[in-house]
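Chains as they are written, first to last, in the working numbering: chain B, 1 to 117; chain Z, 1 to 111. A short write-up of the structure that comes next.
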């Protein structure tokens, strides 16, 4: 079964709205979670690394004030797209390590499709 | 820099035949190579992975081979079935726990 749960699965909203996406680890603690963005027919691009209890680290070119990440507990990370515009429409996916240690697999949620009108 | 190339971008295979997808990576420091299957509208699902101390790994109809000298790794799916149709991504961890993904291969199994 799913080990990483993402909510909501689909959001359609007006331009200028802020949207919050939740990523939960099920039955395990995740000190680190990752947020990706995927445009249609393209690969996954890492946006940021969410660290429990500390600030997220963002990849080059990703605006931290635009994409707010909060990882306040060991089972929940949230991504808030602030003042969303049509160009922010995309498929947002989170992932987490189930096990600690080197070279462990990341497990992904089922994504959130964000459509900004 | 860290780069992963994946080929082919699309692949059509007759049901029952084998499918092979290849990836090359740029940084020899990479030690971990997972493969993901993504169905339409869903997140990627891990199907198999391999670490640098192993040359080959098999799980039923799926196998992965790794050539560290040549810096390439391949996914092999045998006895393909219609439910194998999906987009497949290779990835590499360049030692910082972050994954760099390939560009994806859309696999279509023809009944």
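Glycine included, each C-beta is placed from N, C-alpha and C at the ideal position.
**Q.** Three-state secondary structure (DSSP) of residue 34/Z
**A.** Strand, per DSSP.
Q. Do residue 109/B and residue 43/Z have their C-beta atoms closer together than 7 Å?
A. yes
**Q.** Contact list for the region 50-72 of chain Z against chain B, Cβ threshold 7 Å
**A.** 51
**Q.** Nonlocal neighbours in the same chain, by C-beta distance under 7 Å from residue 59/B, ignoring five residues either side
**A.** Around residue 59/B: 46, 47, 48.
Q.
Here's a check: name, in chain order, each residue in its chain whose Cβ is nearer than 6 Å to the Cβ of residue 86/B, leaving out the five neighbours to either side.
A. 116
(Q) Mapping the DSSP letters down to three states, classify residue 17/Z as helix, strand or coil. (A) coil
**Q.** Alpha carbon of residue 101/Z to alpha carbon of residue 24/B, nearest angstrom
**A.** Cα-Cα distance, rounded: 23 Å.
Q) So, is the C-beta of residue 43/B closer than 7 Å to a C-beta in chain Z? A) yes
Q | Chain-ordered neighbours of residue 88/Z on chain C, where CB pairs are closer than 7 Å | A | Here the protein chains are B and Z, and chain C is not one of them.
Q) From residue 74/B to residue 93/B, what distance separates their C-alpha atoms? A) Cα-Cα distance, rounded: 18 Å.
Q.
Quick check on the DSSP output: what are the complete beta strand (DSSP E) runs of length 3 or more inside the region 60-105 of chain Z, in order along the chain?
A. 62-67, 72-77, 86-93, 99-101
Q. Of the residues 106/B, 30/B, 89/B, 18/B, which one's Cα is nearest the Cα of residue 97/Z?
A. 106/B
Q | residue 30/Z vs residue 94/Z beta-carbon contact at 7 Å | A | yes
Q: Measure from the C-beta of residue 21/B to each C-beta in chain Z and report whether the shortest distance is under 7 Å.
A: no
Q) Between residue 90/B and the rest of its own chain, which residues show a CB-CB distance below 7 Å, the 5 nearest in sequence each way excluded? A) The residues are 37, 38, 39, 114.
Q.
Going by beta-carbon coordinates alone, are residue 14/Z and residue 77/Z separated by less than 7 Å?
A. no
**Q.** Interface positions of the region 92-117 of chain B facing chain Z (Cβ-Cβ less than 9 Å), listed along the chain
**A.** 93, 94, 95, 97, 102, 103, 104, 105, 106, 107, 108, 109, 110, 111, 113
Q. Are the C-beta atoms of residue 46/B and some chain Z residue less than 7 Å apart?
A. By this cut-off, residue 46/B is an interface position.
Q: Tell me, please, whether the CB atom of residue 32/Z is closer than 7 Å to any CB atom in chain B?
A: yes
(Q) The beta strand (DSSP E) that contains residue 4/Z, what's its start and end? (A) 4-7
Q.
Under 7 Å, Cβ to Cβ, is there at least one residue of chain B near residue 103/Z?
A. yes
Q: Quick one: list the residues of chain B neighbouring residue 133/Z, beta-carbon separation under 8 Å, in chain order.
A: Outside the shown range of chain Z (1 to 111) lies residue 133/Z, about which nothing can therefore be said.
Q. Can the beta-carbon of residue 11/Z be found less than 7 Å from the beta-carbon of residue 105/Z?
A. yes
Q: For residue 49/B, return the contacting residues in chain Z, with the cut-off set at a CB-CB distance below 9 Å.
A: 97, 98
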